[in-house]
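J.: Attaching a single structure in structure tokens format; questions to follow.
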Amino acid sequence: MDLTDAGRWTHGPIFLKQQPEDWPKPPCPPPDEPESEMRQTAMAVWLTTISTVPDPQQHQTLSDYLEATAHQLHEAANLSTPVTADDYATAELEALTQAQRDSFPEESALLAASKPVAKSSRLMSLAPELNEATGLIRVGGRLRRCSDLTSDMIHPIVLDPQHPLTRLIIQDYDVKLHHPGPERVFAEIRRRYWILRGCEAVCRHQRKCTECRK
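Position one of the sequence shown corresponds to residue 1 (the UniProt record's numbering), numbered consecutively onward.
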């Protein structure tokens, strides 16, 4: 940028005189991932395992999917009572668990047996841990000593960027935040989830989002 141009100091950049929709789009930030994770060259593959929850690919929004999951689990338990907030929480946990089984079957089995993941695993650099209370794979002790952070922020839930549930989660954050820049969506997601190559996943979603392209 040429800071010797007096016009830029007094009037600002030229694009400010244009309509907002004609302003240049900010570039997507580089992914904020561990260096060793970025060097992984293995193709990410997720497999559909035996599931007790609906297929997320059949739903357009995260809320619709969780509602369908809650009702399916409710009916499977032969409960005659209305679906409650606790049922929705259970549905979310089951959906996340299934997504991790689909995406990380070997890692799920090893961690459940209290064994470390393979050195070739995409999760190796995250020092993954299996949460005993929920059965979810979370990032290991990166911020364990930060007492001012929540448990989710210290040990975010690990997700594959290509899994349909992950895409619904990204879409849900984008909509609730009113389609801001990718940095904001990525930062909010990081408060609870660690999506592999997450920044790229957010940018990929926003390139396809009609509202984000306006």
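For each residue, glycine too, the CB sits at the ideal point set by N, CA and C.
Could you give the distance in angstroms between the alpha-carbon of residue 170 and the alpha-carbon of residue 67?
T.: The alpha-carbon atoms of residue 170 and residue 67 are separated by roughly 17 Å.
J.: Could you tell me if residue 97 is buried or exposed, where buried requires 16 or more neighbouring beta carbons within 10 angstroms of its beta carbon?
T.: It is buried - the Cβ of residue 97 has at least 16 other Cβ atoms within 10 Å.
J.: Could you check whether residue 137 and residue 110 sit closer than 8 Å to each other, using their CB atoms as the reference points?
T.: No, they are not a contact pair.
J.: Taking the straight line between their C-alpha atoms, what separation do you get for residue 141 and residue 80?
T.: The alpha-carbon atoms of residue 141 and residue 80 are separated by roughly 42 Å.
J.: Which value, in whole angstroms, describes the spacing of the CA atoms of residue 95 and residue 214?
T.: In a straight line, the C-alpha of residue 95 is about 32 Å away from that of residue 214.
J.: Along the chain, where does the beta strand (DSSP E) that runs through residue 83 open and close?
T.: Where residue 83 is concerned, there is no enclosing beta strand (DSSP E), given that its DSSP letter is neither H nor E.
J.: In the DSSP assignment, find the unbroken beta strand (DSSP E) run with residue 123 in it and report its ends.
T.: No beta strand (DSSP E) contains residue 123, which DSSP labels as neither H nor E.
J.: If the criterion is Cβ atoms closer than 8 Å, does the pair residue 152 and residue 191 meet it?
T.: Contact: yes.
J.: Using CA atoms only, rank isn't needed, just tell me which of 182, 174, 71 is closest to residue 203.
T.: Checking every option, the nearest Cα to that of residue 203 belongs to 182.
J.: When the Cα of residue 126 is compared with those of 133, 155, 105, 113, which residue comes out closest?
T.: Nearest of 133, 155, 105, 113 to residue 126, Cα basis: 155.
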